[in-house]
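In what follows, a single structure is set out as structure tokens and then discussed.
Protein chains in written order, with UniProt numbering: chain V, 1 to 376; chain D, 1 to 376.
Now the structure itself:
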């Protein structure tokens with residue numbers, strides 16, 4: 001028995017004003033190819049299908065095509081829960097009508113207690129989906145004194161465990177922040193000040209826990225309590241994370257193995273550091289020059305139109321930092337010493353604009369002008 | 001063979017800042033009761049399910065509950081098309097997955113040519129859904145020189161008719177403005193200047209045409225080309241329209257009868273005309289004092305806080321007009337004669353506020369003050 005665990009698709013996300021929809025489409029294509037060549041019993045999405053509760057129409061269409069091909073053509077059931085970015089009621093429309101066609105959207109507490117049951121070669125496997133919820137919702141629905149995310153998840157897990165059947169294996173889909181797990185910059189906090197943390201211990205009664213919310217693939221506490229990580233990188237801080245999905249294998253005893261399957265984005269998201277000239281030189285032969293880039297220019301002098309120059313070789317530079325132009329604290333230089341004079345700035349500008357140095361006469365002329373102006 | 005034809009639900013609509021969702025819910029309840037006691041082969045909604053392309057969550061939930069009860073509990077198939085108020089792609093999510101559960105959302109040209117086929121006691125009946133579309137969309141999709149709504153519908157009807165099968169009866173769902181039909185104030189124009197009109201003659205090859213868009217129930221051209229009208233009144237101009245649904249009966253020969261079935265809104269929408277005192281007196285014993293009202297005050301003098309006074313007996317006065325305070329053109333009186341002086345206005349105000357007339361001394365005092373002020 002095998003299934004694929006994914007999460008945090010964020011379909012429709014923009015990154016520095018660039019739509020990632022084409023990249024997301026290419027990655028979904030990889031998932032479809034995988035499913036076509038390596039059949040599994042189910043595909044699981046642990047929340048944040050879309051990037052916001054009212055997603056753009058194009059994102060809905062992309063998801064619709066994916067569902068048609070996976071549930072329809074490949075006959076692989078999809079089981080999903082809304083995350084904190086999704087609108088649960090909006091996503092849940094028609095879920096009752098879709099489930100017989102293999103699309104299982106578990107979007108409320110009633111769905112949570114009605115697991116999707118699959119008959120597999122290792123017997124009955126039940127998938128419980130705990131839609132994303134904050135403590136307030138849980139307190140209100142269950143009329144229990146629940147104040148924190150941790151207490152909410154404890155209560156919800158206990159409520160689910162009461163419905164376990166002795167002959168079935170149990171998988172949980174859950175969108176939350178497990179205490180001690182590693183954050184990335186692209187997650188939207190669930191609450192302020194760390195009160196969103198949930199102990200992994202509530203999850204130990206399950207055979208496998210398919211987590212969503214954190215964008216880095218990781219396990220927490222037990223081998224069978226895992227984040228698959230997001231579909232692709234959604235911040236430069238994730239440049240070294242390997243994105244993909246988790247192939248989970250179960251045997252008669254329950255959880256067997258979890259294997260990371262790479263998903264490769266058409267554009268990598270990475271950070272390049274160096275001086276302008278060396279970056280441009282390297283860009284001319286860089287086979288991955290279309291990647292989404294954050295460039296950190298280390299040059300110490302002012303540069304005219306650096307973005308334009310960089311984009312001539314790296315068209316998708318999305319963000320530019322100039323730490324070389326800032327006063328380095330570690331350098332312990334006095335501000336006075338570092339401050340660049342008007343003449344220095346003009347010299348940099350001239351050099352950039354004319355591609356040649358100021359002659360002595362020119363330097364004298366500009367110095368005189370600056371002097372006159374400052375004395376006025 | 002019978003089916004119910006409805007249209008223009010506009011779930012989530014606001015009327016003069018009042019949400020109509022509770023009224024809509026009560027009316028949907030009447031549809032469910034009807035279906036439970038008088039089984040039909042299908043329920044048809046000819047567009048404008050929601051009031052806008054991104055409907056409020058509560059409207060989606062209401063629709064979801066309705067679908068669950070009708071398709072699920074009562075096992076009556078629902079066949080619907082998006083109207084000009086709906087977002088076709090948004091509404092169409094998961095339609096592939098829903099159809100086997102009896103919810104048929106026909107939201108694009110491919111769906112249009114894939115009719116919903118029902119086996120009934122009079123043989124095969126095929127329901128074609130033509131989602132709302134403007135000429136630009138049709139021109140683009142079919143690569144045909146289509147400039148007007150009329151040409152677009154002619155092309156679409158011809159395209160559908162080519163797929164007819166000789167042994168089936170054909171029903172069309174269509175959201176458009178049939179030439180010569182009667183408008184109401186609550187429809188959003190499809191285009192400016194009458195170019196949105198479509199000839200009913202394109203529709204004659206069908207056995208029945210379930211139209212949506214116009215809010216008044218009516219037939220156009222043939223007995224079998226009909227608007228069911230909207231779910232409820234959405235403007236005061238519709239106060240005398242009987243809202244409801246159309247029960248269509250087919251026999252071996254095709255269309256048999258169309259019968260209007262009333263749907264009763266909890267709050268009527270009506271206009272009351274008269275002087276304030278008589279309206280208030282009547283309101284005290286009016287059994288339908290909670291209706292949504294437009295009040296036309298015919299009083300000729302200024303009135304203090306008329307809305308407050310009216311709402312003491314008619315809590316849902318939503319709009320107030322004061323034609324009695326306007327200059328009647330037909331009266332042919334000179335503006336000078338009609339203009340009310342400051343003293344006249346004060347006299348009205350005093351009378352309203354104190355519930356007594358000005359004494360002669362008081363009238364003299366105010367006249368003197370006004371005179372002094374006007375001479376300053």
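Even glycine gets a Cβ: it sits at the ideal position worked out from N, Cα and C.
So, helix, strand or coil for residue 67 of chain D, using DSSP?
-> helix
Proximal residues of chain D, C-beta to C-beta of residue 60 of chain V below 8 Å | 89, 90 and 93
Would you tell me roughly how many angstroms separate the C-alpha atoms of residue 158 of chain V and residue 207 of chain V, rounded to the nearest one?
-> Distance from the CA atom of residue 158 of chain V to the CA atom of residue 207 of chain V, rounded to whole angstroms, is 15 Å.
Taking Cβ-Cβ distances shorter than 9 Å, what residues in chain D pair up with residue 64 of chain V?
-> 89, 92, 93, 94, 95 and 96
Using three-state DSSP, classify residue 329 of chain V as helix, strand or coil.
-> Low confidence applies to residue 329 of chain V: its pLDDT is 43, below 50, so where it sits in the model is not reliable, and the reading given next is rough at best. Note: residue 329 of chain V maps to helix in three-state DSSP.
Chain-order list of residues whose beta-carbon lies under 8 Å from that of residue 139 of chain D (same chain, five-residue window excluded) | 145, 146, 147 and 152
Option in V/123, V/163 and V/58 with minimal Cα separation from residue 255 of chain V | V/123
Quick one: is residue 243 of chain D buried, meaning 16 or more other Cβ sit within 10 Å of its Cβ, or exposed?
-> buried
Note down, in chain order, each residue of its chain lying with its Cβ closer than 7 Å to the Cβ of residue 70 of chain V, except the 5 sequence neighbours on either side.
-> 32, 35, 43, 76 and 78
Is the CB-CB distance between residue 96 of chain D and residue 72 of chain V below 8 Å?
-> yes
From residue 215 of chain D to residue 227 of chain D, what distance separates their C-alpha atoms?
-> 8 Å
Taking the runs of the beta strand (DSSP E) that are 3 residues or longer, which of them lie wholly in the stretch 102-174 of chain D?
-> 103-105, 116-120 and 123-130
Beta-carbon contacts of residue 87 of chain V that lie in its chain and below 7 Å, excluding the five residues immediately before and after = 53 and 54
Given a limit of 9 Å on CB to CB distance, which residues of the stretch 95-125 of chain D reach chain V?
-> 95, 96, 97, 98, 99, 100, 101, 102, 103 and 105
Any 3 or more C-beta pairs closer than 8 Å across the stretch 228-241 of chain D and the stretch 154-173 of chain D | no
Start and end of the beta strand (DSSP E) containing residue 247 of chain V?
-> 244-251
Identified DSSP bridge partners for residue 2 of chain V = According to DSSP, residue pairing for residue 2 of chain V in a beta bridge involves V/249.
Checking contacts by CB at 8 Å: is residue 72 of chain V closer than that to chain D?
-> yes
So, is the C-beta of residue 9 of chain V closer than 8 Å to a C-beta in chain D?
-> Not a single CB atom of chain D sits nearer than 8 Å to the CB of residue 9 of chain V.
May I ask you to list the residues that DSSP assigns as paired with residue 14 of chain V?
-> Under DSSP, residue 14 of chain V takes part in a beta bridge, and its partners are V/19.
Does any residue of chain D bring its CB to less than 8 Å from the CB of residue 67 of chain V?
-> By this cut-off, residue 67 of chain V is an interface position.
Going by CA-CA distance only, name the one from D/51, D/84, D/41 and D/68 that's closest to residue 117 of chain D.
-> The option with the nearest alpha carbon to residue 117 of chain D is D/41.
If residue 319 of chain V sits next to residue 23 of chain V, beta carbons under 8 Å apart, how far is it from one beta carbon to the other, in whole angstroms?
-> Residue 319 of chain V to residue 23 of chain V, Cβ: 17 Å. No contact.
Starting from the C-beta of residue 328 of chain V, find all residues in its chain whose C-beta is less than 7 Å away, skip the five residues before and the five after it, and write them out in chain order.
-> Reliability of the predicted coordinates at residue 328 of chain V is poor, the pLDDT of 47 falling under 50, and no value is obtained from them.
Once you ignore the five residues that flank residue 50 of chain V on each side, which residues in its own chain have a CB closer than 6 Å to its CB?
-> 11, 12, 59 and 86
Chain V contact for residue 171 of chain D (CB, 8 Å cutoff) | Residue 171 of chain D does not count as touching chain V.
With 16 other Cβ atoms within 10 Å as the buried cut-off, status of residue 62 of chain V | buried
Exposed or buried, residue 90 of chain D, counting other C-beta atoms within 10 Å across all chains shown (16 or more means buried)?
-> buried
If we call anything under 8 Å between Cβ atoms a contact, is residue 156 of chain D one with residue 177 of chain D?
-> Taking 8 Å as the Cβ cut-off, residue 156 of chain D and residue 177 of chain D do not qualify as a contacting pair.
When burial is assigned at 16 or more other CB atoms within 10 Å of the CB, is residue 213 of chain V buried or exposed?
-> With a 10 Å radius around the Cβ and a threshold of 16 neighbouring Cβ atoms, residue 213 of chain V comes out buried.
Label residue 84 of chain V either buried or exposed according to how many other C-beta atoms from any shown protein chain fall within 10 Å of its C-beta, with 16 as the threshold for buried.
-> So residue 84 of chain V ends up on the buried side.
Figure out for me which residue from V/286, V/7, V/162 and V/271 has the closest Cα to the Cα of residue 115 of chain V.
-> For the options V/286, V/7, V/162 and V/271, the alpha carbon positioned closest to that of residue 115 of chain V is the one of V/162.
Residue range of the alpha helix (DSSP H) that includes residue 347 of chain D | 342-354
Contact with chain D by residue 57 of chain V, beta-carbon distance below 8 Å = yes
Please state whether DSSP places residue 273 of chain D in a helix, a strand or coil.
-> Under the three-state reduction of DSSP output, residue 273 of chain D falls in the strand class.
According to the Cβ coordinates, are residue 270 of chain V and residue 297 of chain V closer than 8 Å?
-> Contact: no.
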